[in-house]
Amino acid sequence: MPNILHAADIHLDSPLRGLEQYQGAPLDALRGGTRRALEQMVDQALERPADLVVIAGDLYDGDGDDYGTALFLNSQMDRLHQANIPVCVIRGNHDAVSQLTRYLHCPPNVHILTADQPQTKFFDEIGVAVHGQSFASRAVTKNLAIAYPKAVPGLFNLGILHTSVQGREGHEDYAPCSVAELVARGYDYWALGHVHKPEDFCEDPLVVMPGNLQGRHVRECGPRGFVWIETALGAKPKLIKSYLDVVRWEIVKVDATGASGLEEVLDRAERALAGTAETAGAALLAARVEIFGLTSAHGKLVSGRERLTAEIRRLAGMVPGYPVWVEKVKLGTREPRRQSFEEGPLGTLSQVVADLRAQPAELATLVSQAIDDMRKKLPHELSEGDFGPQPEDEAWLSAVLDRAQARLEAGLLDAEEVS
Ligand SMILES: [Mn+2]
3 MPNILHAADI HLDSPLRGLE QYQGAPLDAL RGGTRRALEQ MVDQALERPA DLVVIAGDLY
63 DGDGDDYGTA LFLNSQMDRL HQANIPVCVI RGNHDAVSQL TRYLHCPPNV HILTADQPQT
123 KFFDEIGVAV HGQSFASRAV TKNLAIAYPK AVPGLFNLGI LHTSVQGREG HEDYAPCSVA
183 ELVARGYDYW ALGHVHKPED FCEDPLVVMP GNLQGRHVRE CGPRGFVWIE TALGAKPKLI
243 KSYLDVVRWE IVKVDATGAS GLEEVLDRAE RALAGTAETA GAALLAARVE IFGLTSAHGK
303 LVSGRERLTA EIRRLAGMVP GYPVWVEKVK LGTREPRRQS FEEGPLGTLS QVVADLRAQP
363 AELATLVSQA IDDMRKKLPH ELSEGDFGPQ PEDEAWLSAV LDRAQARLEA GLLDAEEVS
């Protein structure tokens, strides 16, 4: 029974921006993550062994500084070549024909499908026809799928397509198409790429977005890898997900509700980190720790924020048996409400804040509008990414609201004392 390996969005040597700003970051492990992931994928392809490898776009992240990325890719493709394993590739928006200039010829087992029109490549030994089209330029906004050929009778038909399907958050709307349009081609399997979050779009026939091979930051968390398809003509192919053990990004939530002080919060953080580390197995766990809940320790946690972060980093380094690194600690705890604030200006303030908190979407819009001008004036590295304002992030918004409330309450109390 032929085995096909389907991967996408390898983004080889994708740069990890701003990493130096994180204390104690395992830079080599993180920077080399996409290479180790590709190496592990090839290991598994050789071991099973694969009869065919298909890669649905964005093998490269873009032009690197030199030819090192292309040479590394070639060395891995050559390992497959030595084992007579063919590789069928399309180019995506990141490695579109017009995008990539630092490009080397691949070993003869690598077949890159054309960009000017869909191409069908036959793998006769395993009875498979692969239909696909590469991106000619970065922004392909037309529907490519509708021009794909009809299925070839008597063969296992597999379509490769780099697409946002009907639009997915955080991904540019490239080569859009509907699942129904894909299904209408009559293929046995659709190997999609582009969206980094894994998703099965259809069961029968299988339409699968495997997600990127290796998560690169905290917005790409959870297990990552590729999928195996076991094909048998006339039978539904079997799908097996395979996860890699390189770097696993996760958000580790620590409920500090009712905690009496720093030590108790640390105990809970230690348990949460250990639990998540176990699920990540041999992979390096890159964790963002988010502490939340109503606790009388809130004030102490806020004032001792740096120590809290350092203590959590220390605990992460001591999780027995598993490598763990804490990327960031986000504090979203709140002070339990005080009864005496129920009346007068403080009561009104408290009510306004509670109303805002109950409507996170409105709060996000309000804050976005308020900081828009400031954001435009900030240098790029301060206005974007993890270090900038994140009005779309609930924990960040909650912390801003806490600080605003504390400042206004302090101001109101001062005013009362003066009058
Ligand atoms: Mn893409």
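Under our numbering, the first residue of the sequence shown carries the number 3, and numbering increases by one thereafter. Note that CB positions come from ideal geometry on N, CA and C, so glycine has one too.
As assigned by DSSP and simplified to three states, the class of Asp202: strand
Does DSSP put Lys144 in a helix, in a strand, or in coil? coil
In chain order, what are the residues with a CB under 5 Å from some non-hydrogen atom of ligand 1? Asp60, Gly94, Asn95 and His196
Mind checking whether Gly195 and Gly94 have CB atoms under 8 Å apart? yes
Would the beta-carbon of Ala98 fall within 8 Å of that of Arg33? no
Does DSSP put Met79 in a helix, a strand or coil? helix
Count the other C-beta atoms from every protein chain shown that fall within 10 angstroms of the C-beta of Leu29, then say buried if there are 16 or more, exposed otherwise. exposed
Please determine if the stretch 120 to 134 and the stretch 198 to 205 are in contact, where contact requires at least 3 C-beta pairs separated by less than 8 Å. no
Counterpart residues of Trp192 in DSSP-defined beta bridges: Gly161 and Val209
Buried versus exposed, by CB contacts within 10 Å (16 or more), Lys379: exposed
On the DSSP letters alone, give me the boundaries of the alpha helix (DSSP H) that Gly267 sits inside. Checking the displayed sequence, the identity of residue 267 turns out to be Val instead of Gly. First-last of the alpha helix (DSSP H) with Val267: Leu264 to Ala282.
Could you compute how far the alpha carbon of Ala117 sits from the alpha carbon of Ser305? 57 Å
Specify whether the stretch 65 to 84 and the stretch 148 to 160 touch according to this definition: at least 3 beta carbon pairs, one from each stretch, less than 8 Å apart. no
Smallest Cα separation from Leu146: which of Glu313, Thr165, Gly260 and Pro88? Thr165
8 Å Cβ cutoff met for Val181 and Val142: no
What residues are listed by DSSP as bridge partners for Arg250? Leu287
Is the beta carbon of Ile373 sitting closer than 8 Å to the one on Gly334? no
Going by C-alpha distance, which of Pro155, Lys240 and Val220 is nearest Val229? Lys240
As an exercise, report each continuous alpha helix (DSSP H) stretch of at least 4 residues that is fully enclosed by the stretch 294 to 371, in chain order. 300 to 305, 307 to 318 and 346 to 360
Selection from Ile92, Ala131, Pro178 and Gln119 that minimises the alpha carbon distance to Val112: Ile92
Helix, strand or coil for Ile114? Go by DSSP, reduced to three states. strand
Beta-bridge pairing of Thr122 - partner residues as DSSP gives them: His133
Output yes or no for whether 8 Å exceeds the beta carbon distance between Ile12 and Leu61. yes
Helix, strand or coil at Glu183 [DSSP, three-state]: helix
Classify Glu232 as helix, strand or coil using the three-state DSSP reduction. strand
For Val44, the three-state DSSP class (helix, strand or coil): helix
Starting from the C-beta of Val420, find all residues in its chain whose C-beta is less than 7 Å away, skip the five residues before and the five after it, and write them out in chain order. With a pLDDT of 41 at Val420, under the threshold of 50, the predicted position of this residue should be treated as unreliable, though the coordinate-derived value follows. Once the five neighbours on either side are set aside, Val420 has no close Cβ partner at all.
Less than 6 Å between C-beta atoms, sequence neighbours within five positions excluded: which residues of the same chain meet that for Gln216? Gly35, Thr36, Ala39, Arg226 and Val248
Shortest alpha-carbon distance to Leu358 belongs to which of Asn86, Asp404, Val326 and Gln42? Asp404
Among residues of its own chain, excluding the 5 on either side of Glu272, which ones have a beta-carbon nearer than 6 Å to its beta-carbon? Leu317
Tell me the rounded alpha-carbon separation between Glu418 and Ala401. Because Glu418 carries a pLDDT of 47, less than 50, the predicted location of this residue cannot be relied on, and the following value inherits that uncertainty. Rounded to the nearest angstrom, the two C-alpha atoms are 26 Å apart.
Would Lys332 and Ala234 be called neighbours here (beta carbons separated by less than 8 Å)? no
Determine the closest residue to Gly129 out of Ile6, Gly301 and His300, with distance taken between C-alpha atoms. Ile6
Sort Ala27, Gly301, Lys255 and Met3 by Cα distance to Ala408 and report the nearest one. Gly301
Starting from Leu7, follow the alpha helix (DSSP H) in both directions and report where the run begins and ends. Leu7 -> not in any alpha helix (DSSP H); beta strand (DSSP E) instead, spanning Asn5 to Ala9.
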